[in-house]
Amino acid sequence: MGGDPAASPHDGDGRAGEMHALSARGLVSALKTAGFAVPNPLDTTVQDCSADGCQQSIVTDTLRVESFATTAQAQQYAADRGFYQVETVVVSFAPPLPETERARYRTEIQKLVA
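Going letter by letter, the sequence shown gives residues 1 to 114 in the UniProt record's numbering.
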């Protein structure tokens, strides 16, 4: 599998949490498979989740995806920060990513997670 911690297409089956939604790693893999740019994925679970309360965190050059155990946890985390949230997944976009691209990602994420 090499040294790329987010390259595996499956994290078990790529799903976790109360709704068995895609995990952070599962969503990044699914976006890559769908042809979206998610370069340089890095698992930042150890660094981010103790403070953020997430179960998994993956950062790429275009976005950060954090997955939570419950939708309520994800909603609270996203609302406090103005991030995009679907079910148990929260996504924040890299500042240079144009709004038109963010809209494309949001549409695809909605399809993949729901």
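Virtual Cβ for every residue (Gly too), placed ideally from N, Cα, C.
Give me, in chain order, the residues of the same chain whose beta-carbon lies closer than 7 Å to that of residue i; leave out the 5 immediate sequence neighbours on both sides.
i, result
"V28", "A6, V38, P41, I58, T60, V65"
Going by DSSP, what residues sit across from residue i in a beta bridge?
i, result
"F93", "L63"
"Q56", "S67"
To the nearest whole angstrom, what separates the beta carbons of residue i and residue j, a pair I think is in contact under 8 Å?
i, j, result
"residue 140", "D48", "In the structure as shown, the chain begins at 1 and stops at 114. Residue 140 is therefore absent and cannot be evaluated."
"F68", "V46", "No, F68 and V46 are not in contact; Cβ-Cβ is about 16 Å, not under 8 Å."
Starting from residue i and walking both ways along the alpha helix (DSSP H), at which residues does that stretch end?
i, result
"V46", "45-52"
"V38", "Premise fails: V38 is in no alpha helix (DSSP H) and is neither H nor E."
"A34", "Premise fails: A34 is in no alpha helix (DSSP H) and is neither H nor E."
Leaving out five residues before and five after residue i in sequence, what residues of the same chain have Cβ atoms less than 6 Å from its Cβ?
i, result
"F93", "L63, R102"
"T44", "S57, V59"
Let's see if you can read the secondary structure: which residues bound the beta strand (DSSP E) around residue i?
i, result
"residue 129", "Outside the shown range of the chain, which is 1 to 114, sits residue 129, and nothing can be said about it."
Kindly list the residues whose CB is nearer than 8 Å to the CB of residue i, restricted to its own chain and excluding five residues on each side of it in sequence; keep chain order.
i, result
"L112", "L22, L27, A30, L31, A34"
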